[in-house]
Amino acid sequence: MSISLEPTAYLLVAAALLAVSGVPGLLLRRPALGQRCGAFIAVCASILGECAIAGLFTGSPAATWQIDWTLPFGPALLGADHLSALFLIPLFLVTGCASVYALAYWPAGRQRGAGQLSFFLGLFTSSMVMVVLARNGVLFLMSWEVMAITAYFLLTVEREGAEVQRVGIVYLFATHVGTMALFALFALLCGDTGSFVFPAPHSLPSTVPYAAIMIAAALFGFGGKAGIMPLHFWLPGAHANAPSHVSAIMSGIMLKMGVYGILRTLSFFVAVPAWVGWLVLALGASSALGGIAQASGQRDLKRLLACSSIENIGIVFIGIGLALVGMQIRSPFLTVCGLAGAFIHILNHGLFKSLLFMGSGAIIHGTGSREIDRMGGLARRMPATALLFFTGSIAICGLPPLNGFVGELFLYVGAFRDGITDPLPLPALIVPVLALVGGMAVITFVKLYGIVFLGSPRSDGAAAAHEAGRPMTGAMALLTIGCLTGGMAPPLLLGLVAPAIEQYGAVPAGLVAGIGSQVPLLPLAAVNVTLVSTALAVAWWYRVRLQRSPRAVGATWGCGYLAPTTRMQYTGSSFSELAVNQLGAIVAPLRRRPSIGGSTFPRDARFTYGVTETILDRVLTPAFHGAGQAFSYVRRLQHGHLHIYVLYIVATLFVLMLWVH
Amino acid sequence: MNAIADQLLVLVMLINLVMLGSSRLIFCIRAVAIQGVILGILPGLIHPFSGHLAAITAGIILAKGVVIPTLIIGAVKKAHIRREVEPYLGFVPTLLLGALFTALSFVFADKLPLAPEHRDLLFVPASIATLLTGFLLLTTRSKAISQVIGYLVLENGIFIFGMLLTEALPTMVEAGALLDLLVGIFVMGIVINHISREFSSIDTSRLRALKEE
Numbered sequence: 001m002s003i004s005l006e007p008t009a010y011l012l013v014a015a016a017l018l019a020v021s022g023v024p025g026l027l028l029r030r031p032a033l034g035q036r037c038g039a040f041i042a043v044c045a046s047i048l049g050e051c052a053i054a055g056l057f058t059g060s061p062a063a064t065w066q067i068d069w070t071l072p073f074g075p076a077l078l079g080a081d082h083l084s085a086l087f088l089i090p091l092f093l094v095t096g097c098a099s100v101y102a103l104a105y106w107p108a109g110r111q112r113g114a115g116q117l118s119f120f121l122g123l124f125t126s127s128m129v130m131v132v133l134a135r136n137g138v139l140f141l142m143s144w145e146v147m148a149i150t151a152y153f154l155l156t157v158e159r160e161g162a163e164v165q166r167v168g169i170v171y172l173f174a175t176h177v178g179t180m181a182l183f184a185l186f187a188l189l190c191g192d193t194g195s196f197v198f199p200a201p202h203s204l205p206s207t208v209p210y211a212a213i214m215i216a217a218a219l220f221g222f223g224g225k226a227g228i229m230p231l232h233f234w235l236p237g238a239h240a241n242a243p244s245h246v247s248a249i250m251s252g253i254m255l256k257m258g259v260y261g262i263l264r265t266l267s268f269f270v271a272v273p274a275w276v277g278w279l280v281l282a283l284g285a286s287s288a289l290g291g292i293a294q295a296s297g298q299r300d301l302k303r304l305l306a307c308s309s310i311e312n313i314g315i316v317f318i319g320i321g322l323a324l325v326g327m328q329i330r331s332p333f334l335t336v337c338g339l340a341g342a343f344i345h346i347l348n349h350g351l352f353k354s355l356l357f358m359g360s361g362a363i364i365h366g367t368g369s370r371e372i373d374r375m376g377g378l379a380r381r382m383p384a385t386a387l388l389f390f391t392g393s394i395a396i397c398g399l400p401p402l403n404g405f406v407g408e409l410f411l412y413v414g415a416f417r418d419g420i421t422d423p424l425p426l427p428a429l430i431v432p433v434l435a436l437v438g439g440m441a442v443i444t445f446v447k448l449y450g451i452v453f454l455g456s457p458r459s460d461g462a463a464a465a466h467e468a469g470r471p472m473t474g475a476m477a478l479l480t481i482g483c484l485t486g487g488m489a490p491p492l493l494l495g496l497v498a499p500a501i502e503q504y505g506a507v508p509a510g511l512v513a514g515i516g517s518q519v520p521l522l523p524l525a526a527v528n529v530t531l532v533s534t535a536l537a538v539a540w541w542y543r544v545r546l547q548r549s550p551r552a553v554g555a556t557w558g559c560g561y562l563a564p565t566t567r568m569q570y571t572g573s574s575f576s577e578l579a580v581n582q583l584g585a586i587v588a589p590l591r592r593r594p595s596i597g598g599s600t601f602p603r604d605a606r607f608t609y610g611v612t613e614t615i616l617d618r619v620l621t622p623a624f625h626g627a628g629q630a631f632s633y634v635r636r637l638q639h640g641h642l643h644i645y646v647l648y649i650v651a652t653l654f655v656l657m658l659w660v661h
Numbered sequence: 662m663n664a665i666a667d668q669l670l671v672l673v674m675l676i677n678l679v680m681l682g683s684s685r686l687i688f689c690i691r692a693v694a695i696q697g698v699i700l701g702i703l704p705g706l707i708h709p710f711s712g713h714l715a716a717i718t719a720g721i722i723l724a725k726g727v728v729i730p731t732l733i734i735g736a737v738k739k740a741h742i743r744r745e746v747e748p749y750l751g752f753v754p755t756l757l758l759g760a761l762f763t764a765l766s767f768v769f770a771d772k773l774p775l776a777p778e779h780r781d782l783l784f785v786p787a788s789i790a791t792l793l794t795g796f797l798l799l800t801t802r803s804k805a806i807s808q809v810i811g812y813l814v815l816e817n818g819i820f821i822f823g824m825l826l827t828e829a830l831p832t833m834v835e836a837g838a839l840l841d842l843l844v845g846i847f848v849m850g851i852v853i854n855h856i857s858r859e860f861s862s863i864d865t866s867r868l869r870a871l872k873e874e
């Protein structure tokens, strides 16, 4: 190649392009044209970014660039390595798809806020590229903050709704509490190394002062962004209320930025303390279980998907935890399996969760509702969306013909082999957790798909549903192809993450390359290809049979009952009632039983049933209300007298002047 | 040269008292304009001549002496007000307080650990006195326009202090401070307009109605 492909420079150009991609939408007089220009720029940036990553994989050395700033925080270095690339692959792919998807989902000119949406979406994705490339703590925090704030503006596009305002505030609170921990992290790091520039990987001995505090701050700050279980309270509401392509990026990519932060921070240390691995493992297990438990009871389509993101982040954390435990008990095999599982799941989740969120957007667009129990029979009305959503659902359940299984296979094999051969069999306990999570994911998504797409419409909106526009189905189809490719060619996925594993885990190169002999990747590929081709063949045969044979349309047999309505079908709540009741401790279902009063004839009664956000509704909100009451006297200081406010300043100044004396 | 500078600073402090004692807004604005012009001349007296200095002097005189006063007078005419009618604290008490603050600032400046070359000049006491006058105007007057004048006087006080550091301060910082002020005046102008439109008066005490209960 005549042009030398220096990956970092290309990535920076891609980030700059993304940042300006929303500007035409704001400036051009014809909003639709502006939006199309913006989508074109974003797609170009995505292709450029993917090419740069391809360059990184083919061995072009990535340079480190420096922003020439005059701020006193040391040189602002930007660099790309394989760990960054791992997060950039899904980022660029999903960004490109989302900006095309938005053309039909949120068309400028017909829907308000399209200009704002595409402007902040560009800034948002660009800042995430910068987060991944930054090699200076302050630059990292700046990009991090831009990411957090633009996400707020994205999710509050429909700012009139009371619920949107509430989740926006909760999100802002959560993200800034996390950022506070990150300030502590980077300040302590600077205290140890003498500079805000990131230390070289594996260069910081864990005996440096405050190492434990640094790691704890990273787990708190980044973990909150990733949405691990006790800190996930902002996540379901935020994802549910954002526009669907924004939810796709937030869930598929932004949560991973938290994972990236933790991985990057841990990579500074020569060896992390023993408790970190177990803690990450425990957090992962609790998030996976708790997340899917919450998801199983949800009635809101997007809230369900959001809770399932918590579960998937939990699986990623389980992988990281296994790897850390493996490093600590000196089992390179466990390390490689854990990292491979986590990294592959990061890629996969970015694909299928974005696909599902975009699919949910198509459903909402078609039916005008997010309520699962109001839908039904959409497979007939939106066949393309139904097929794509089906593929995504299989992938997210971690079932074999698709990519979701590949990552989990590594975790199973790693934990099992370790459990059998090593003196410390504790990691093997993660296997039943993973199996339970997988099973519950199947229940959840069978419910979701079955209630939404099968049966008869339960409302007029669902009955009048229409298929999504071309840009939407096209974007989803691209992601589906990604999922299918990953499922049918697992060695390809391993190849994508192998350099990152070698760099991150500091394990011998041969081990990663040879893992294929210990983890049955090729047999899996063969099984998957067979399964997919069989499914396709059966579907084709069924279609042909269907077209040839005569069809009659009639009502379902109702056991002789003569006046059935579509509302008599199984609802999502009834489907998951057993699971929710078993998990009452986590989900805390809210029931209001009807009281049937009246002496002879019963009066009207209502029965409500829903799932609460345990942490947010039962812990945080009461706690903050209590704090607000306890400190209500402080409010007297804020009385609205402008002059007295100035007097406060004068008084402070006077006190300070006296202090000097 | 220093003697002239000191006399000018005394004039600045006298203008402070004039502003505290006067109820006529236009008169106050003119006084603050004169104060600004004096402040513009001052750097020329204490520093050797240079192109940079001339530019700064011209810029300050233009901004503080012409542009900002014109803007405020425009706002006054638009809002149809001539005088500050009901200050929170009467004119005589504020005048007395101003005198007290001026005296205190001399005491305070005396106790500050200043560099020897700044010790004999009036810069520090004049600066603190002007600063406190600004605060006094801000806290005791109720009309929004008087508050803008208060901010201006406050900024003048900071400016006098900054003059001690002119050699250390790059032009950028000075320009930045001046720009801040200009923007602040614009914002206040907009706020005044809105207050006047919303409450049909520019009494800032009406702003209490905006408080969230």
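These protein sequence lines map, in sequence, to chains A and B. Quick note: the first sequence, position 661, residue 661 per my numbering, numbers continuous. Count along the second sequence from 1, add 661, and you get the number used in my numbering. Even glycine gets a Cβ: it sits at the ideal position worked out from N, Cα and C. All figures in this text were calculated on a predicted structure; none of them were measured in a lab.
Put simply, the CB of LYS804(B) is far from chain A, with every gap to its CB atoms at 9 Å or more. Residues of chain B whose Cβ lies closer than 9 Å to the Cβ of HIS643(A) are, in chain order, TYR749, LEU799, THR800, THR801, ARG802, SER803, GLN808, THR865 and SER866. Going by C-alpha positions, LEU301(A) is about 8 Å away from LEU448(A). Fully enclosed beta strand (DSSP E) runs of no fewer than 3 residues are not present anywhere in the region 439 to 490 of chain A. Rounded to the nearest angstrom, the gap between the Cα atoms of ASN403(A) and TYR101(A) is 23 Å.
Interface flag for LEU775(B) against chain A is unset, since no Cβ pair is found closer than 9 Å. Listed along chain A are HIS639, GLY640 and HIS641, each with a C-beta nearer than 8 Å to that of ARG869(B).
Following the DSSP letters along the chain, one finds THR608(A) in no alpha helix (DSSP H) but inside the beta strand (DSSP E) bounded by residues 608 to 611. Burial state of GLU163(A) is exposed, judged by a 10 Å Cβ sphere holding fewer than 16 other Cβ atoms. Beta-carbon to beta-carbon, MET254(A) and MET358(A) are separated by about 15 Å, too far to satisfy the 8 Å threshold.
For PRO427(A), the closest alpha carbon among the candidates ASP418(A), VAL512(A) and MET488(A) is that of ASP418(A). Annotated as distal: LYS225(A) and ILE346(A), with beta-carbon spacing of 9 Å or more. Taking the Cα of LEU825(B) as reference, the smallest distance to any Cα among ILE810(B), LEU782(B) and ILE846(B) is reached at LEU782(B). Membership of LEU681(B) in any beta strand (DSSP E) is not indicated; the residue belongs instead to the alpha helix (DSSP H) covering 663 to 682.
Nothing from the region 59 to 84 of chain A brings a Cβ to less than 7 Å from some Cβ of chain B.
Under the three-state reduction of DSSP, TRP106(A) is assigned to coil, being neither helix nor strand. The C-beta separation of ALA506(A) from HIS202(A) comes to about 6 Å, placing the pair in contact by the 8 Å criterion. Counting only Cβ-Cβ distances below 9 Å, VAL646(A) has contacts in chain B at PHE796, LEU799, THR800, GLN808 and GLY811, in chain order.
Listed along chain A are MET657, each with a C-beta nearer than 7 Å to that of PHE769(B). What VAL650(A) touches in chain B, judged by beta-carbon distance under 9 Å, is LEU793, PHE796, LEU797, LEU799 and THR800, going in chain order. Where ILE615(A) is concerned, there is no enclosing beta strand (DSSP E), because DSSP gives it neither an H nor an E. The Cβ atoms of ALA395(A) and VAL259(A) lie no closer than 9 Å to each other. For GLU371(A), the pairing in a beta bridge is given by DSSP as ASP300(A). Beta-bridge partners of LEU204(A) (DSSP): PHE269(A). With a cutoff of 9 Å on beta-carbon distance, LEU121(A) and THR156(A) are scored as not near each other. Assignment of LEU783(B) by DSSP, reduced to helix, strand and coil, places it in the coil class. Contact of LYS738(B) with chain A is not assigned, every C-beta pair being separated by 9 Å or more. A straight-line Cα-Cα distance of about 27 Å links LEU172(A) and PRO107(A).
In the displayed model, ALA134(A) falls within a strand according to three-state DSSP. The continuous alpha helix (DSSP H) containing ALA770(B) extends over residues 752 to 772.
The region 596 to 607 of chain A makes no contact with the region 298 to 318 of chain A, as fewer than three CB pairs between them are under 8 Å. Excluding its 5 nearest sequence neighbours in each direction, LEU28(A) has C-beta neighbours in its own chain below 6 Å: GLY34, listed in chain order. Look at ALA415(A) here: in three-state DSSP terms it is helix.
Straight across, the Cα-Cα distance linking LEU88(A) with ALA340(A) is about 17 Å. The continuous alpha helix (DSSP H) containing TRP540(A) extends over residues 521 to 548.
Closest in alpha carbon position to LEU758(B), among LEU798(B), LEU773(B) and ALA770(B), is LEU798(B).
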